[in-house]
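This report concerns only the one structure given below.
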Amino acid sequence: MAVNLPIYLDSSATTQLDPRVLDKMLPYLTNHYGNPASRSHQFGWEAEKAVELAREQVANTIGCDAKEIIWTSGATEAINLAIKGAAQFYQDKGKHLVTIKTEHKATLDTMRELERIGFEVTYLNPQENGLVDLATFSAALRPDTILASVMSVNNEIGVIQDIKSLGEICRKHGVIFHVDSAQAVGKIELNLADLNIDLMSLSAHKVYGPKGIGALYVRRKPRVRLLPLIHGGGHERGFRSGTLPTHQIVGMGEAFALAQSEMSKELPKIKYLRDRLLNGLQQIDEVYLNGDLEQRVAHNLNLSFNFVEGESLMMAIKDIAVSSGSACTSSSLEPSYVLRALGRNDELAHSSIRFSISRFTTEEEIDYTIQLLIEKVNKLRELSPLWEMFKDGIDIANYQWNSHDNQRDIILH
Amino acid sequence: MAYSNKVIEHYENPRNVGSFDKNDEHVGTGMVGAPACGDVMKLQIKVNDEGIIEDAKFKTYGCGSAIASSSLVTEWLKGKNLDQAQQIKNSAIAEELELPPVKIHCSVLAEDAIKAAIADYNDKQNKRG
Chain B
0 MAVNLPIYLD SSATTQLDPR VLDKMLPYLT NHYGNPASRS HQFGWEAEKA VELAREQVAN
60 TIGCDAKEII WTSGATEAIN LAIKGAAQFY QDKGKHLVTI KTEHKATLDT MRELERIGFE
120 VTYLNPQENG LVDLATFSAA LRPDTILASV MSVNNEIGVI QDIKSLGEIC RKHGVIFHVD
180 SAQAVGKIEL NLADLNIDLM SLSAHKVYGP KGIGALYVRR KPRVRLLPLI HGGGHERGFR
240 SGTLPTHQIV GMGEAFALAQ SEMSKELPKI KYLRDRLLNG LQQIDEVYLN GDLEQRVAHN
300 LNLSFNFVEG ESLMMAIKDI AVSSGSACTS SSLEPSYVLR ALGRNDELAH SSIRFSISRF
360 TTEEEIDYTI QLLIEKVNKL RELSPLWEMF KDGIDIANYQ WNSHDNQRDI ILH
Chain A
0 MAYSNKVIEH YENPRNVGSF DKNDEHVGTG MVGAPACGDV MKLQIKVNDE GIIEDAKFKT
60 YGCGSAIASS SLVTEWLKGK NLDQAQQIKN SAIAEELELP PVKIHCSVLA EDAIKAAIAD
120 YNDKQNKRG
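Protein chains in written order, with numbering that gives the first Met the number 0: chain B, 0 to 412; chain A, 0 to 128.
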C-alpha cells in the first residue's frame, strides 16, 4: 500500500483533531453561541450545560470531582497558575520550590521568574534513564519548601516519573505537589483518587482535542489555595477570569472521554508500531535510545544516530515530520537540554530525533520511515568525518579538537 | 528554517565527497570545528608540482549549510594556486549560498578548513626541506 507524504510522526508536538471531537464542537460555533456566564436566557443555559458536561468528562478521565477543574487557555497557563499561584499564596510559609532539570520550559521558565522575584528553586538532575531518584527528591525538600513540580510524562523522551511515590513524599513533608500531565492523558492511567497530587496541568491538543484549551486540577480535600493570575469577571470561581470558549471546552471534554474509553485498545496498537519502528531502526549501527524503555509511554521513541548531526538528518527526511532534540531549527545551536541533563555527550545530544506516534499512524508509514532512515543515515555517514574516524578506531572523545576554532564557534553561536 | 535552493542543491548532491591518503606528500588536510559545536569539517587538497590544487575532497558532520559550504569550497579550490585559495573569504561563501545570519558560522568554518589544509600542506613541504 502506498503511503501519503508527508508522514506525521510528531504527535508529542500536537495531534490531529479527532473528527468525532470536531463534530461535537461545531454546533457551539454556530447555533449554540451563548455565553455560558449568561444566566438569564436559554442561550446561556445551553452553553453552561455543555461546559459542565465537559468538566465532568475531564474529571472522570482523571478521577477527580468536576468542581476541582479550572479551565485555562492551555497547559502553559495551567502550569503558570499552579506554580505562581501557589507560590504567591503560600510564600509566608516559605520561599523554596523544587523541580527537575528535564521539565518543560513552561515550568522551568516560570521557576526562573519566581527566582527573579525572590523565591529560591532547586533544579534536580534526573538519573541517566531520565527518571528522578526518589531519595534525591526527598532530600531536596526542606522545611521552607512550599511546592514541588514534576511532569508525569516527559515531552522529549517520554519517560514516566513515579508520581505516586513522589506524591507520597510531598504529602509527608507538607509540600504542595504539582504535576504537569500535558503529555500523559490517554497515555497512562491517571486516577487522582489514588494519587497525592494537589495540582495537575492538562492540555487538549496533545490528545486529539483543539489547541487553545487546557485545565488545572485544584484539589479540594485537603484544599489548595492559589492567587489568580488573570483578574476580571470572577469566572471559574475567581481562579481564572475570562469568557469561557464553549466550543473548545466541549472539544476538550470529548477528546478526554475518547482518550479514556479507547486507551485500552489503542495503546497496544501504538506500542506495536513503536516497537516495530525501534526494531527496524536498530538495524543501523550506533543508534542509542534516550530515556528508559520500560518506564515510558507507548508512542514515544527518542533515538540518537551517532556521527550524524540532527538538523541535517531532519533535512534528509523532510517527508517525515519529527522533532530534533538538537534545536538548530529554532535558530539556537544548543543541543537538547533534556538529553544533556541525562548526561548524554555532545555528539549524541546533537544527533537525536524524537518520533511520536498517534492513533492515526499506520504500519505502512512506519515501514516507509524505517527504510528512509536507513538510507539517509548511511548517506550522511558517508559524508561524516566522525564516522570515518570511528571506523578507523580513533577515540573521538579524547581527540584534540582545534581549540581556536572552538572559541570562535562559541562566540558566533 | 527555510534553506536557499543552492544549499539544498549542494546538500542533496554534494560534490567531491571522500578522502585522500593524509600521509601523501601532495595532500594537505584541514580538520576544523568540534562535535560539541555540532560541526566538524575535514577538507583535503591535492597540490601538484606546479603548486596548483588539482583536486579537493571533503567530509562534514553538521547541518545542511555546513555540508553545502564545504561542498562549494571543494569546487572553488580546484585549479587555484595556494595564494588564490588563501584569498577565499567566508563572506563570499555565505553570499553564494545565501546563508541566513544563524548559519554564517558554517562559512567561517569552511574558510578555516581551507586555511588549515594549506597550512598542513606547507608544513609537510617545509619538513621535506
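Cβ coordinates follow ideal geometry from the N, Cα and C atoms, glycine included.
Using beta carbons (cut-off 9 Å, strictly below), is residue i in contact with chain A?
{"i": "residue 308 of chain B", "result": "yes"}
{"i": "residue 363 of chain B", "result": "no"}
{"i": "residue 155 of chain B", "result": "no"}
{"i": "residue 387 of chain B", "result": "yes"}
{"i": "residue 299 of chain B", "result": "no"}
{"i": "residue 289 of chain B", "result": "no"}
{"i": "residue 5 of chain B", "result": "no"}
{"i": "residue 383 of chain B", "result": "yes"}
Tell me the DSSP secondary structure of residue i in three-state form.
{"i": "residue 353 of chain B", "result": "strand"}
{"i": "residue 203 of chain B", "result": "coil"}
{"i": "residue 400 of chain B", "result": "coil"}
{"i": "residue 119 of chain B", "result": "strand"}
{"i": "residue 196 of chain B", "result": "coil"}
{"i": "residue 144 of chain B", "result": "strand"}
{"i": "residue 103 of chain B", "result": "coil"}
{"i": "residue 327 of chain B", "result": "Only weak support is given to the placement of residue 327 of chain B: the predicted model assigns it a pLDDT of 43, under 50, and the question is left unresolved by the model."}
{"i": "residue 268 of chain B", "result": "helix"}
{"i": "residue 282 of chain B", "result": "coil"}
{"i": "residue 33 of chain A", "result": "strand"}
{"i": "residue 226 of chain B", "result": "coil"}
{"i": "residue 376 of chain B", "result": "helix"}
{"i": "residue 7 of chain B", "result": "strand"}
{"i": "residue 177 of chain B", "result": "strand"}
{"i": "residue 309 of chain B", "result": "helix"}
{"i": "residue 119 of chain A", "result": "helix"}
{"i": "residue 368 of chain B", "result": "helix"}
{"i": "residue 95 of chain B", "result": "strand"}
{"i": "residue 1 of chain A", "result": "coil"}
{"i": "residue 339 of chain B", "result": "helix"}
State yes or no: is the beta carbon of residue i nearer than 9 Å to at least one beta carbon in chain B?
{"i": "residue 120 of chain A", "result": "no"}
{"i": "residue 35 of chain A", "result": "yes"}
{"i": "residue 7 of chain A", "result": "yes"}
{"i": "residue 72 of chain A", "result": "no"}
{"i": "residue 79 of chain A", "result": "no"}
{"i": "residue 109 of chain A", "result": "no"}
{"i": "residue 41 of chain A", "result": "yes"}
{"i": "residue 32 of chain A", "result": "yes"}
{"i": "residue 27 of chain A", "result": "no"}
{"i": "residue 18 of chain A", "result": "yes"}
{"i": "residue 87 of chain A", "result": "no"}
Kindly identify the DSSP beta-bridge partner or partners of residue i.
{"i": "residue 295 of chain B", "result": "B:158"}
{"i": "residue 214 of chain B", "result": "B:70, B:201"}
{"i": "residue 304 of chain B", "result": "B:286"}
{"i": "residue 38 of chain A", "result": "A:33"}
{"i": "residue 392 of chain B", "result": "Beta-bridge pairing links residue 392 of chain B to no other residue."}
{"i": "residue 150 of chain B", "result": "B:179"}
With a cut-off of 8 Å on the beta carbons, I'd call residue i and residue j a contact; round off their distance for me.
{"i": "residue 113 of chain A", "j": "residue 71 of chain A", "result": "Between residue 71 of chain A and residue 113 of chain A the Cβ distance is about 11 Å, and since that is not below 8 Å, they are no contact."}
{"i": "residue 150 of chain B", "j": "residue 203 of chain B", "result": "Not really, about 17 Å apart at Cβ, beyond 8 Å."}
{"i": "residue 115 of chain A", "j": "residue 31 of chain A", "result": "6 Å"}
{"i": "residue 105 of chain B", "j": "residue 75 of chain B", "result": "4 Å"}
{"i": "residue 214 of chain B", "j": "residue 68 of chain B", "result": "5 Å"}
{"i": "residue 337 of chain B", "j": "residue 109 of chain B", "result": "Actually they are not in contact, since the Cβ atoms of residue 337 of chain B and residue 109 of chain B sit about 17 Å apart, beyond 8 Å."}
{"i": "residue 304 of chain B", "j": "residue 283 of chain B", "result": "7 Å"}
{"i": "residue 189 of chain B", "j": "residue 180 of chain B", "result": "6 Å"}
{"i": "residue 357 of chain B", "j": "residue 301 of chain B", "result": "In fact, because the Cβ distance is near 16 Å, the residues do not count as touching under 8 Å."}
Please indicate yes or no: does the CB of residue i lie closer than 8 Å to some heavy atom of the ligand MN?
{"i": "residue 239 of chain B", "result": "Annotation note on the ligand MN: not contained in the displayed structure, which lists no ligands."}
Exercise. What are the complete beta strand (DSSP E) segments, minimum 3 residues, inside the region 56 to 99 of chain A?
Worked result: none
For this session: Could I get the ranges of all uninterrupted alpha helix (DSSP H) runs contained in the region 9 to 82 of chain B, with 4 residues as the minimum, in chain order?
Result: 18 to 24, 41 to 61
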